[in-house]
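The structure appears below as structure tokens.
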DNA sequence: CTTGACCTTCCCACGATGGGAAGCCTCACT
DNA sequence: AGTGAGGCTTCCCATCGTGGGAAGGTCAAG
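Residue numbers (the numbering used here), protein chains in the order written: chain C, 50 to 199; chain W, 50 to 199.
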């Protein structure tokens, strides 16, 4: 099976399959005489596992752990659960941050006339943050590390 | 005022101040004879504006627009409001995605015994996604908690 | 005048992904 | 058997915002 076919069957782009191989997330694929990578159905199975985990927001590092446990027939489900729970906590932290931003901005937008005049409470708040919003200020807690994540 | 002092006063790291200058987000700073950048209080003001906007999750591109409007005394507040509202929509889209992930994972975690045995519904779902996780209804959630005993 | 803390530029790294070029390989159709 | 399209290979570059670090110049306190 070509990389293109494995890509279609798994939902992982060919670029990413090569990347995962290069970074050691997945073992090096077999090669045909031509140099083409050759994938088995079980390889595709693994790729779909990865794809699904990515869809759930796991990082490649986390997927590495999950894959190890997946392959380990003597694993303890507690280990899997711990990783998943840690990821949920992480997701909820990010959700809370985004909600805080949205709430603060929502208040400001509600206060903005949105007409042809230049007076704008949104700009005013960016200039001089007021703490009279229904949401605590963002500048207090260590949000910096959590912010830049896409 | 040195870049270090401007950094402390604005909450923007010196690295990022140089980066913003380099990418044209902020104008080139004045230089002393020594080559050191020199910042005025109004520069610091601008940096705090940027910092605040970053904390609210605006991208640098969006901040560029906001800065233009900020400087434009004849701006229309509708323009600011439009940008802010678009950003809120974007935030809420991301929140919805994350919540979807967290909900799915939450259901799986609830179904996982988390003990020493290898059987794990989390791994099973990654392997072969079931579609009953997307809408964690009361019944499924309740059953999920009842389904595992330890 | 020395010393340590600061500043300068320049390069590199991250994480996950995509774009694209140059050069082979394969398959199906003439 | 030839040929053309499209797939594969590797390699390099870009993203976005941020930090690390090296090599070298500057400032201020002792």
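Yeah, the Cβ is synthetic: ideal placement off N, Cα and C, and Gly gets one too.
Identification of chain W residues near residue 67 of chain C by a Cβ-Cβ cut-off of 7 Å yields none; the smallest Cβ-Cβ distance measures about 22 Å.
Shown in chain order are the members of the stretch 140-167 of chain C whose Cβ falls below 7 Å from a Cβ of chain W: 140, 141, 143, 144, 147, 148, 150, 151, 153, 154, 155, 157, 158, 161, 162, 163, 164, 165, 166 and 167.
Taking the C-beta atoms as reference points, residue 160 of chain W is found no nearer than 8 Å to residue 167 of chain W. Under the DSSP assignment, residue 112 of chain W falls in the alpha helix (DSSP H) whose first and last residues are 109-120.
In the DSSP annotation of this structure, residue 61 of chain C is not part of any alpha helix (DSSP H), being labelled neither H nor E. Contact between residue 157 of chain C and residue 133 of chain W is confirmed by a C-beta separation of about 7 Å, below the 8 Å threshold. Sixteen is the threshold: when 16 or more other Cβ atoms of the shown chains lie within 10 Å of the Cβ of residue 149 of chain C, as they do, the residue is buried. Residue 53 of chain C is outside the set of residues whose beta carbon lies under 8 Å from a beta carbon in chain W. At a Cβ-Cβ threshold of 8 Å, residue 96 of chain W and residue 137 of chain C do not count as neighbours.
If you compare the alpha carbons of W:165, W:57, W:117 and W:102 with that of residue 88 of chain W, the shortest gap goes to W:57.
Assignment of beta-bridge partners to residue 79 of chain W by DSSP yields W:87. Contact with chain W is found for residue 129 of chain C, since one of that chain's Cβ atoms lies less than 8 Å from the residue's Cβ. Counting along the chain, the unbroken alpha helix (DSSP H) around residue 146 of chain C starts and ends at 126-160.
Around residue 120 of chain C, no beta-carbon contact reaches into chain W at under 7 Å, the shortest distance being about 10 Å.
For residue 173 of chain C, the secondary structure class from DSSP, reduced to helix, strand or coil, is helix.
For residue 103 of chain C, no chain W residue has a C-beta closer than 9 Å to its own C-beta; the minimum C-beta separation is roughly 10 Å.
In the three-state reduction of the DSSP assignment, residue 168 of chain C falls in the coil class. The C-alpha of residue 83 of chain W lies about 21 Å from the C-alpha of residue 65 of chain W. Setting aside the 5 residues that flank it on each side, residue 128 of chain W is surrounded in the same chain by 118, each with a C-beta closer than 7 Å to its C-beta; the list follows chain order.
In this structure, the alpha-carbon of residue 68 of chain W lies about 36 Å from that of residue 101 of chain C.
Distance between residue 108 of chain C and residue 164 of chain C, taken at the CA atoms: about 44 Å. At least one CB atom of chain C sits nearer than 8 Å to the CB of residue 137 of chain W.
Per the coordinates, the alpha-carbon of residue 106 of chain W lies some 43 Å from the alpha-carbon of residue 122 of chain C.
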